[in-house]
Each structure stands twice: as structure tokens, then as C-alpha cells.
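To keep things clear, I will list the structure first and then write my remarks on it.
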Amino acid sequence: MEPLYGPIRDYAWGSRSAIAALQGRPVPSDGPEAELWLGAHPGAPAAIERAGARISLLDVLAAEPERWLGEQGVNRFGTRLPFLLKVLAADAPLSLQAHPDAKQARAGHAADAARPPEQRNYVDPYHKPELLVALSPFEALCGFRDPAESAEALAAFGVPALDPVVTALRSGVSGLRTAVRTLLTWPQEERAGLVAAVVAAPAAGPDAELARALAAGYPADPGVLVALLLHHVRLSPGEAIWMPAGNLHAYLRGAGVEIMAASDNVLRGGLTPKRVDVDELLRVLRFEVLDEPVRQARSVGPGVDCWPVPVEDFALHRVTVGDAVPSAELAPVGPRVVLCVAGSVAVDDGSGALTLQRGQAAIGTAAGGPLRISGAGEAYVASGGLS
Numbered sequence: 000m001e002p003l004y005g006p007i008r009d010y011a012w013g014s015r016s017a018i019a020a021l022q023g024r025p026v027p028s029d030g031p032e033a034e035l036w037l038g039a040h041p042g043a044p045a046a047i048e049r050a051g052a053r054i055s056l057l058d059v060l061a062a063e064p065e066r067w068l069g070e071q072g073v074n075r076f077g078t079r080l081p082f083l084l085k086v087l088a089a090d091a092p093l094s095l096q097a098h099p100d101a102k103q104a105r106a107g108h109a110a111d112a113a114r115p116p117e118q119r120n121y122v123d124p125y126h127k128p129e130l131l132v133a134l135s136p137f138e139a140l141c142g143f144r145d146p147a148e149s150a151e152a153l154a155a156f157g158v159p160a161l162d163p164v165v166t167a168l169r170s171g172v173s174g175l176r177t178a179v180r181t182l183l184t185w186p187q188e189e190r191a192g193l194v195a196a197v198v199a200a201p202a203a204g205p206d207a208e209l210a211r212a213l214a215a216g217y218p219a220d221p222g223v224l225v226a227l228l229l230h231h232v233r234l235s236p237g238e239a240i241w242m243p244a245g246n247l248h249a250y251l252r253g254a255g256v257e258i259m260a261a262s263d264n265v266l267r268g269g270l271t272p273k274r275v276d277v278d279e280l281l282r283v284l285r286f287e288v289l290d291e292p293v294r295q296a297r298s299v300g301p302g303v304d305c306w307p308v309p310v311e312d313f314a315l316h317r318v319t320v321g322d323a324v325p326s327a328e329l330a331p332v333g334p335r336v337v338l339c340v341a342g343s344v345a346v347d348d349g350s351g352a353l354t355l356q357r358g359q360a361a362i363g364t365a366a367g368g369p370l371r372i373s374g375a376g377e378a379y380v381a382s383g384g385l386s
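Each residue of the sequence shown is one higher than the one before, counting from 0 in numbering that gives the first Met the number 0.
Shown next, in the form of C-alpha cells:
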């Protein structure tokens, strides 16, 4: 195991306290810090040290792919790290978005080659399922809820212009596509008036509060109303949300550890000044009710929890050690990235122990043995999902 140094993305919605506090730096930070990337994605690869200099993990993997990724990993994913571990810290809502499945990503990326750059949707040919585990109280919109609930929420505003959307939703799941398309293709010149009418309505309750909060930042964005078609969830630390392909979602506020397939394919649906390709988004979306968006941790051994997901690209474990469990062991598949989020932990895969303080990370190769973690703290372990 050796230290891993991840870059921080400074998106405008980021927090000026969460990542800085995690890493023991002064709070507030100079600007927003949205995501700490711990992986080898070309957009912002992490680095390791060699002879006193930091080298991109991309270059390290390219030089010794089988040592780092393992023969099985190379055969399945090629010479790239198939997952990306992040710390995500939001002080403002992210855009409504969805991600393609593997087949859609390959086809979309190939088709984009013939399009002008400003009309392209796919930056790579990979899917992007993702799992987020809350580090702090976390608020999110994720997956379609029962259309009947959404219909009542919109009807409560008493805005006649929304009647066609309400009618579509009252027809059940079959009306979801019509409702979303109607809202996202609302005439540009009428959008501000529609959102203003909703904000001014005497409706009360969580849906009205959410609409008004989102409209404060996006007063002419029909995504404010699309948001009301989704589950509005509040996670406690340790609870997770799993977002498979095609599920519309948006993170609203809070900090969490996020793991995903190593892709940056995002199809937006609102709450953003960026381009929204309605037709492509509708092609990718799964118009079905997400029955249970929240996932609880599952114990898989003393001090070790996980949140099982049905993909081969990644697995995520949380290890908690201290007086009750002085050390824990797990056998991650392929390369592994460890992030300490509390206290201090020693990590050893047979190549020598490395101590991580809160906010520090390490990486080990697929050639490493079982991973032993000891000390007094909490760490997240990202690895491959192949068995």
C-alpha cells in the first residue's frame, strides 16, 4: 500500500467546509470544494509518489497494468481502473441527471463522433452506475416515486397550466414519460411564469417547500417541477442510495463517499445552466417506480460492512476498528483504494503497513494479499466487484 493523492474539483455547488475539515485544512476553504477524486479517471487522475515526485495514476497503470489491475481485471476492463472513489460535498443542488447503461453509452459515444462538439452527450463509452454513502445528514432526489403521489403534489398548487401533467401522472407509470416530456419541453418564454405561479401558490408541505427552495436558484427551470416526481430522501450517516442506469436523480446537500464506474457520462434534466438534450434523456430514462431508494449497510464480518450492488465494476466496504474490534480483514478483488474518514488506521496488504490519518488515502495493487486494517478509526475500501 502507498499514499494516494487526489485532486479536488471546485464546482460551484461545492462546500467550503466538508472536504477541508476532513483533510484537516483551514475552514472555510478559499472557494467551493465539491469532489475529491481518488482514481484514475482522465478528467482528474490521482497521483502517487516516485523518487520525490508525484506521478499520475494513469501513467502508473499504463506502465504495469497486470500488476496493478490483475489479469482478470485487464481481461474484463482493459488497462483502466474500472471504478472511481470520491468524497462529494454539496452546499447547493447538483443538476437533475441520469446515466446510460453500458450499451447506450457505447452506442451514444460512437454516434457522437459524427456530431459537432457542442451537440455531444457522451464523453466516453462506459456506463456510470453509482453508490453514495452519507458521511453527514444528506438530502437527495432519487428515482421516480408513485405517479399518484406526484399528481397530488402538482395538483395541490392549483395552477391550471399543470392540468395536462397531472392528468398524465394519474394514469400511472404509463404517464410518466408524457409528464416528464411535457415539463421539459415547456415553451421557453412561459417557463418563468409557470415556476412563479407554483412559488406563489398557497400550497404547503414538503413538496411546496422543495419547489420554492429549488426555484430560488432556478426561477425559470421546469426541472423544479420534474424534481417533484422523484423520491425526496434524507439519509443519516451510513445510509446509502444506489443509482443504477436510467434513474433520474439529484444530490441536494450534504457530504458522502461515492463510488461509481469510471465514467463521466451525464445526461441532464434541469436545475442547471448547462445543455439539456431532452430527446436523449428520455431515451435513457427508465420510466418505472424506484421502490426503495435507500440502502442500509450489511455486516459481512467483525467491523466490516458493505452495500452490495449488482455490478462488476466496483465494491465498497466500510471498516471500523477500535477497542471493540482492534483489527479487521477483508479480501478485496483487484486494486484497492482506502480512504480514512475518522481517527487513524494502519493498512497492510502484505507489502508493509501504512498509517492513514483522517482525510488521507492509499492504494494497493491487485497483486496484494488480504487487506488488514487496525488502529482506532473508520475507513472506506473501494475495490473491484468481480468475484
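Every residue gets a Cβ at the ideal spot worked out from N, C-alpha and C, and that includes glycine.
Practice item. Please report the residue range of the alpha helix (DSSP H) in which T319 lies. Key: Here T319 belongs to no alpha helix (DSSP H); instead the beta strand (DSSP E) covers 314 to 320.
Exercise for review: Could you work out which residue in R335, G376, G367, D304 is closest to V132 when comparing CA atoms only?
Suggested key: D304
Exercise for review: Answer yes or no: do V336 and A360 have a C-beta to C-beta separation smaller than 9 Å?
Suggested key: yes
Point to revise | CB-CB length for L329 against P301, believed under 8 Å | key: Their Cβ separation, rounded to whole angstroms, is 11 Å, which puts L329 and P301 out of contact at 8 Å.
Review point. Which residues bound the beta strand (DSSP E) around G253?
Key: 248 to 260
Practice item. Check the C-beta distance from G363 over to M0 and give it rounded, since I have them as a contact under 8 Å. Key: 4 Å
Review point. Between the beta-carbon of P221 and the beta-carbon of L193, is there less than 9 Å?
Key: yes
Exercise for review: Under the assumption that V332 contacts I372 (Cβ atoms under 8 Å), give the Cβ distance between them as a whole number of angstroms.
Suggested key: Contact doesn't hold; Cβ gap of about 16 Å is too wide.
Point to revise | Option in V340, A381, V346 with minimal Cα separation from D312 | key: A381
Review point. Can the beta-carbon of H248 be found less than 9 Å from the beta-carbon of A17?
Key: no
Check your understanding: Would you call the CB atoms of L183 and L280 closer than 9 Å?
Key -> yes
**Study point:** Span separating the alpha-carbon of A378 from that of S298
**Key:** 15 Å
Review point. Just reading off the beta strand (DSSP E) that H126 is part of, what are its end residues?
Key: Looking at the DSSP string, H126 is not in any beta strand (DSSP E), and its letter there is neither H nor E.
Exercise for review: Report yes or no: do the stretch 139 to 159 and the stretch 101 to 115 share at least 3 C-beta pairs separated by less than 8 Å?
Suggested key: no
Practice item. Using the DSSP secondary-structure output, state which residues sit across from D290 in a beta bridge. Key: Partner(s): none; D290 has no beta bridge.
Check your understanding: For the beta strand (DSSP E) that contains D347, what are its first and last residues?
Key -> 332 to 347
Check your understanding: If we count the other Cβ atoms within 10 Å of its Cβ and call it buried at 16 or more, is P272 buried or exposed?
Key -> exposed
Exercise for review: Determine which residues share a DSSP beta bridge with P2 and list them.
Suggested key: A361
Exercise for review: Leaving aside the five residues before and after N120 along the sequence, list all residues of the same chain whose C-beta is less than 8 Å from its C-beta, in chain order.
Suggested key: G107, D111, N264, L266, D276, E279
Check your understanding: If we ignore side chains and look at the alpha-carbon of each, how far apart do R105 and A203 end up?
Key -> 44 Å
Exercise for review: State buried or exposed for P243, treating a residue as buried only when at least 16 other CB atoms are found within 10 Å of its CB.
Suggested key: buried
Review point. Rounded to the nearest angstrom, how far is the Cβ of L234 from that of L95, given a contact under 8 Å?
Key: Between L95 and L234 the Cβ distance is about 18 Å, and since that is not below 8 Å, they are no contact.
Practice item. Identify every residue that forms a DSSP beta bridge with E377. Key: T319, A341
Review point. What is the DSSP secondary structure of V299, reduced to helix, strand or coil?
Key: strand
Check your understanding: Near Q295, which residues of its chain fall below 7 Å by C-beta distance, leaving aside the five closest residues on each side in sequence?
Key -> E238
**Study point:** Proximity below 9 Å, CB of A406 to CB of F82
**Key:** No answer is possible for residue 406: the residues shown for the chain start at 0 and end at 386.
Review point. Shortest alpha-carbon distance to R15 belongs to which of P31, A210, G245, P25?
Key: P31
**Study point:** Extent of the continuous alpha helix (DSSP H) to which L182 belongs
**Key:** 175 to 183
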